[in-house]
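Student: Taken in order, these protein sequences are the chains called D and S.
Taking our numbering, I'd label the letters of the first sequence as residues 83 to 395.
Taking our numbering, I'd label the letters of the second sequence as residues 55 to 524.
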Amino acid sequence: MLLGRTANGLYWMNRYIERAENMARLVDAGLRMALTRTQDASEEWTSVIISSVSDVAFANKYSEYTAANVTDFLLRDISNPSSVMSSIETARTNARMVRTALTRETWESINEAWMALKRMLAKPIDERELPAVLDAIKRETALIRGAFYGTMLRNEIFDFSQLGTYVERADNTARILDVKYYVLLPSISWVGSTLDNYQWESILRSVSAHRSYRWNYDATYKPSNIADYLILNGRMPRSLAFCYRFISEHLNLLADDYGARHACHETSTKTRSLLKVGSIKDIFDAGLHEFLSDFIRDNTRLGNEIAQDYRFY
Amino acid sequence: MAAFDEMLPETSGLRKPYRAYDRWLKEQDPARLTQKMEDAERVFRKTGITFAVYGEQEASERLIPFDIVPRIISGQEWRRLTQGIEQRVQALNAFLDDIYHRQEILRAGRVPKDLVARNEAFLPEMIGVRPPAGVYTHIIGIDIVRTSENEFYVLEDNARTPSGVSYMLENRETMMQLFPELFQQIKVRPVENYAQLLRQSLAAVRPEGTKDAPTIAVLTPGSFNSAYFEHAFLADQMGVQLVEGQDLRVVDGHVAMRTTEGYKQIDVLYRRVDDAFLDPLTFNPDSALGVAGIMDVYRAGNITIANAPGTGIADDKAIYSYMPEIVEFYTGRKAILGNVPTWRCSEPDSLKYVLEHIHELVIKEVHGSGGYGMLVGPAATKKECADFSAKLASNPSNYIAQPTLALSTVPIMTEKGLAPRHVDLRPYVLVSDRIQLVPGGLTRVALKEGSLVVNSSQGGGTKDTWVLDD
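(1) Going residue by residue through the segment 436-497 of chain S, where are the continuous beta strand (DSSP E) segments of at least 3 residues, counting only ones entirely within it?
(2) May I ask you to list, following chain order, the residues of the segment 314-344 of chain S that have a beta carbon less than 8 Å from some beta carbon of chain D?
(3) Which first and last residues belong to the beta strand (DSSP E) in which D/Ile192 is found?
(4) Apart from the five residues just before and just after S/Thr274, which ones in its own chain have a Cβ nearer than 7 Å to its Cβ?
(5) Using a Cβ cut-off of 8 Å (strictly closer), state whether D/Ala337 contacts chain S.
(6) Are the CB atoms of D/Ile308 and D/Ala323 within a distance shorter than 8 Å?
(7) Which residues, in chain order, does the segment 145-179 of chain D contribute to contact with chain S at a C-beta distance below 8 Å?
(8) Can you find the residues in the same chain that come closer than 6 Å, C-beta to C-beta, to D/Gly385, ignoring five residues on each side of it along the sequence?
(9) Spatial neighbours of S/Ala113 within its chain, please: C-beta separation below 6 Å, excluding the five flanking residues on both sides.
(10) In angstroms with no decimal places, state the Cα-to-Cα distance between S/Asp340 and S/Asp290.
(11) Establish whether the CB of S/Asp301 and some CB of chain D are separated by less than 8 Å.
(12) Name the chain S residues that come within less than 9 Å of D/Arg181, Cβ to Cβ?
(13) So D/Glu190 contacts chain S; which residues on that side make the cut at Cβ distance below 7 Å?
(14) Quick one: what's got a C-beta closer than 7 Å to D/Glu238's C-beta in the same chain, skipping five residues either side?
(15) Applying the criterion that 16 or more other CB atoms from any shown protein chain within 10 Å of the CB defines a buried residue, is S/Gln137 buried or exposed?
(16) Let's test the definition: count the other Cβ atoms within 10 Å of the Cβ of S/Glu224 and tell me whether it reaches 16, buried, or not, exposed.
(17) Helix, strand or coil: how does DSSP classify S/Lys318 here?
(18) At the level of alpha carbons, what is the spacing between S/Asp523 and S/Leu232?
(19) What residue does the alpha helix (DSSP H) around S/Phe278 start on, and which one ends it?
(20) If you measure from the beta carbon of S/Arg526 to each beta carbon in chain D, is any gap under 8 Å?
(21) List the DSSP bridge partners of S/Tyr324.
(22) For the segment 114-152 of chain D, list the alpha helix (DSSP H) runs that are entirely contained and at least 4 residues long, ordered along the chain.
(23) Leaving out five residues on either side along the sequence, give the residues of the same chain with a beta carbon under 8 Å from the beta carbon of S/Asn356.
(24) Between D/Val166 and the rest of its own chain, which residues show a CB-CB distance below 8 Å, the 5 nearest in sequence each way excluded?
(25) Can you tell me where the alpha helix (DSSP H) with D/Val359 in it begins and where it stops?
(26) Closer than 6 Å by C-beta to S/Gly276: which residues in its own chain qualify, once you throw out the five before and the five after it? Chain order, please.
(27) In terms of residues, what are the limits of the beta strand (DSSP E) holding S/Gln613?
(28) How is the beta strand (DSSP E) around S/Lys418 delimited, first residue to last?
(29) Name, please, each residue of chain S whose Cβ falls closer than 9 Å to the Cβ of D/Tyr295.
(30) Report yes if the C-beta distance between S/Ala94 and S/Ile240 is below 8 Å; otherwise report no.
(31) Check the C-beta distance from S/Leu446 over to S/Glu438 and give it rounded, since I have them as a contact under 8 Å.
(32) For the alpha helix (DSSP H) holding S/Ala330, just list the boundary residues, first then last.
(33) Should D/Arg101 be flagged as near chain S, meaning a C-beta pair shorter than 8 Å?
(34) Can you give me the start and stop residues for the beta strand (DSSP E) that S/Ile198 sits inside?
(35) List, in chain order, every chain S residue whose beta-carbon is nearer than 8 Å to that of D/Met202.
(36) Please list, in chain order, all residues of the same chain as D/Ala266 whose beta carbon is under 7 Å from its beta carbon, the five residues on each side excluded.
Structure (C-alpha cells):
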C-alpha cells in the first residue's frame with residue numbers, strides 16, 4: 083500500500099535528480115564546444131539554454147549568452163526552478179517527504195548530495211573550477227542512483243521512482259534533439275563539413291554518447307545514425323526507445339500488482355510501439371521535428387495521466 | 055549552589071554506575087575522543103536528524119548537539135523510577151477519565167473546578183466520550199530531575215504529544231557505532247525495541263470490532279514541522295504509513311487515506327498534530343493539518359486517536375501543582391515521585407511571595423513549552439526581572455513559579471576534558487492494556503556552563519542514557 087502523495091513525491095524526487103544530472107551534462111557539452119571552437123560560442127550557449135527549457139526565464143535576466151551567465155543560471159540560480167541547485171533542493175524536499183519509503187542509504191545519498199552541492203554552489207563558480215564542479219554533480223547523482231538500485235526493494239515504490247526518472251530523461255533527450263533537429267536533416271547537411279561534425283558531436287556529448295556512438299556505428303558521425311541512436315536504439319540508456327521500454331515495464335508491473343489498467347497504460351503502449359517498429363527513415367520522411375514535437379507532447383500527457391490514475395493529488 | 059554530580063560527587067568518590075565507564079575512559083587517547091566527537095556530528099548530519107527552530111529563518115535545519123559521555127543509571131535506581139512513573143501515568147489516565155465523565159475529584163474539592171472548567175486544554179467535546187480500550191494518554195514523557203543521591207522530582211508531565219524519543223534511539227545507535235567495544239564491556243539494557251512496543255501498544259488499543267492487525271498511521275503536520283524527522287522515523291521504524299491531513303478524509307464513517315489504489319481505512323492514528331488542528335469542523339476551522347469530521351468518527355468509536363484529544367488538561371502546568379493530590383486520589387497511595395514545590399501565581403499570597411523573590415525562582419507560563427517565555431531568576435538581569443514582574447502582575451494566573459533546583463550534573467566532553475553540566479531525564483511510557491517503559495530515555499543537557507535550561511531550542515544538547523543491567 084502506498085499513499086498517492088508518496089507516489090507523487092517519489093516520482094518528482096527522481097525527475098529532479100535526473101534533471102540535475104542532465105543540466106550538468108548540458109553545461110558540460112556547452113563548455114566542451116566553447117573550448118574547442120573559437121567563434122560562435124554564444125550560439126552554442128544559446129542552444130544549451132533552449133535545450134534546458136529555460137530560454138524565457140534566461141532572457142528575462144540576461145541579454146548575453148556567455149559561459150559565465152549560462153553556467154550560473156543553469157547550475158546555481160535558485161530563481162531558475164530547473165537549475166542544478168534548485169533541482170537538488172526540490173529532490174531533497176521530496177525525499178524528506180517520502181522518507182519512510184526510502185532506504186537509509188538512498189536518503190543519505192540524497193541528503194549528502196544536497197549538502198555537498200549546497201557548499202559547492204554557494205559562490206559563483208570560478209571558470210577554472212567548472213570541470214571539477216560538473217564532475218562532482220555527476221558523481222553525486224551517480225551515488226544516489228547506486229544507493230537506490232543497490233538497496234531498494236523492487237516494489238511499487240521502485241516503479242514510481244523509475245517512472246519519474248524515465249519520463250524526465252525521455253523529455254530531455256527529445257528536447258536536445260529538437261533544438262538541433264535541423265542539423266540532422268539530410269537536405270541541409272553536407273557530410274563531412276566541420277560545422278556539422280561539430281554540431282553532431284555537440285548533440286552526442288549532451289547525452290554523454292559521443293564515445294559509445296563509435297562502438298555502435300562508425301568513427302564518422304552520420305545524422306541518420308545519430309538520430310537512430312538517440313531515438314530508436316534500445317541499448318542506449320538515454321534513447322527514447324530505452325526510456326519507454328522501462329516506462330512500459332514499470333507501468334505493467336503496477337497494473338499486475340493492482341490488477342487495473344489506466345489511460346497511462348494506453349498512452350505508453352502507443353508511444354512504445356511507435357519507437358519499436360519505426361525505422362529512422364520513416365521518421366525522417368514524416369518529419370523529424372513533427373515526430374519530436376508529438377513525442378514531447380505525448381510524454382507530458384503520460385506524466386499527467388500517471389498523476390491522475392494513481393491519485394497523486 | 056553546589057550541584058550533585060552523578061559521576062563524581064564532591065562528597066564521595068566516583069559513583070558505582072560509572073566505574074566501568076571511567077576505567078575505559080582513562081585508557082582512551084584524548085585525540086581519539088575528539089575525533090569521535092566530530093564523527094558523531096557527521097553521523098547526525100548525514101542521517102538528517104535535524105530540528106527546526108522557530109523564528110530562525112537562516113538556520114531552518116539545525117542539529118541538536120550530541121555529547122559522547124553517556125548518562126548512566128543503575129538498575130536499582132531505574133526500578134525505583136519505574137515504579138514512580140507507572141503510578142503517575144496510571145493516575146494521569148484515571149484523572150482524564152474522571153474529568154471527562156463524573157468529575158469526582160472536582161466534587162471532592164481536591165482540584166478547583168475553575169482550574170479545569172476555564173482551562174483551554176479542557177475540551178468540552180470530550181465530555182462523555184470514552185476512548186477505545188479506555189486509554190486517554192498512550193504515549194507519555196515524564197520529565198525528571200535529580201538533586202541528590204536519593205532525590206528525584208517530576209518537573210513536568212508531557213501527556214499530549216511528547217517528542218524526542220527518536221533522539222533516544224538515534225543517540226544509542228550513534229554510540230554503538232562510535233564505541234562498539236564499550237557495549238561489549240558494559241551491559242547496557244537495550245532500548246531499540248521501542249518502535250516495536252509502540253506498534254504493539256497502538257494495536258492493542260484499536261477500536262472494538264477491528265480486525266486483529268489494525269491499520270495504523272502516524273499523522274504529521276508535514277515536512278516543515280520541527281519534529282518531522284521524528285514523525286518519519288517512528289512511522290518507518292514501526293512500518294506504518296506517515297500521513298498528512300491532505301491524505302485523509304472521512305469515507306463511510308471511517309477515516310481513510312488516499313493510496314495509489316483508492317481510499318483505505320485507518321484504525322489507529324498516532325497523531326503528532328495538536329488538538330486545535332485535529333478537526334476543522336470541531337476545532338480551529340482554518341486548520342489544513344487535520345481531518346474534517348474525524349471527531350465524529352472518533353465519537354462513534356471507529357478510530358483510536360493517540361493521544362486522545364483533550365489530554366492536555368492533565369499536563370497543564372497549573373494542574374501539575376495538584377499532581378500529588380491527584381496521584382493519591384486515584385491510586386490510594388502517596389506519590390512515589392515528588393513534585394517540585396510550586397507557587398500558583400493565581401493565589402494572591404503566592405503571587406506576593408513570587409514577586410518578592412523573583413530573582414531566586416524559575417517562572418513559567420502555564421501553557422508554555424520548549425523553554426520559551428520563562429524566566430530563570432538567578433540568571434536574569436535586574437531589568438529582565440523587573441520586566442517579567444510587570445508581565446506577571448498583569449496576568450498572574452498565567453504563571454507558576456518554582457524554586458531554582460540544583461539540577462544534578464553529568465560531565466560532558468569539552469576540548470579541555472570532562473566538565474560538569476546540568477541534565478534532566480525524559481523516559482517514555484507506553485500505555486495500552488499495560489504500562490511499558492523501555493529502560494532509558496532522553497537525557498537533555500545544558501551545554502553552557504552553569505546554565506539550567508536544557509531545552510534544545512535554547513542551546514541544550516542530548517546524551518545517550520544507559521540503564522545498567524545489574
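Even glycine gets a Cβ: it sits at the ideal position worked out from N, Cα and C.
Bear in mind the structure is a predicted one, so any value in this text is a computation, not a measurement.
Tutor: Put simply:
(1) 453-457, 463-468, 471-480, 482-485 and 489-491
(2) Thr314, Glu315, Gly316 and Lys318
(3) Unbroken run through D/Ile192 is the alpha helix (DSSP H), Arg186 to Met202; no beta strand (DSSP E).
(4) Tyr282, His285, Leu296, Glu298 and Arg326
(5) no
(6) no
(7) Thr175, Arg178 and Met179
(8) Val249
(9) Caution is warranted here: a pLDDT of 44 is assigned to S/Ala113, below 50, making its placement in the model unreliable, and the coordinate value is therefore given only provisionally. Contacts found: none.
(10) 29 Å
(11) yes
(12) Gly102, Ser277, Tyr282, Phe283, Ala286, Phe287, Ala289, Asp290 and Leu296
(13) Lys100 and Thr101
(14) Leu84, Leu336 and Asp339
(15) exposed
(16) buried
(17) strand
(18) 21 Å
(19) That residue, S/Phe278, is in no alpha helix (DSSP H); it is neither H nor E in DSSP.
(20) Nothing about residue 526 of chain S can be reported from this structure: the residues present for chain S run from 55 to 524 only.
(21) S/Val272 and S/Ala360
(22) 123-133 and 137-143
(23) Pro261, Gly307, His308 and Val309
(24) Ala102, Met105, Ala106, Leu156, Leu157, Arg158, Leu199, Leu203 and Ile219
(25) Ala345 to Val359
(26) Glu298
(27) Look at the range of chain S in this structure, 55 to 524, and you will see that residue 613 of chain S is not part of it.
(28) Leu415 to Glu419
(29) Those within 9 Å of D/Tyr295 in chain S number zero; the least Cβ separation is about 39 Å.
(30) no
(31) That pair is no contact at about 12 Å.
(32) Asp329 to Leu332
(33) no
(34) Ile193 to Arg200
(35) Chain S residues near D/Met202: none, gap ~16 Å exceeds 8 Å.
(36) Position check: residue 266 of chain D holds Leu in this sequence, whereas Ala was assumed. Excluding residues within five positions, the ones whose Cβ falls inside 7 Å are Pro305, Ile308, Ala309 and Leu370.
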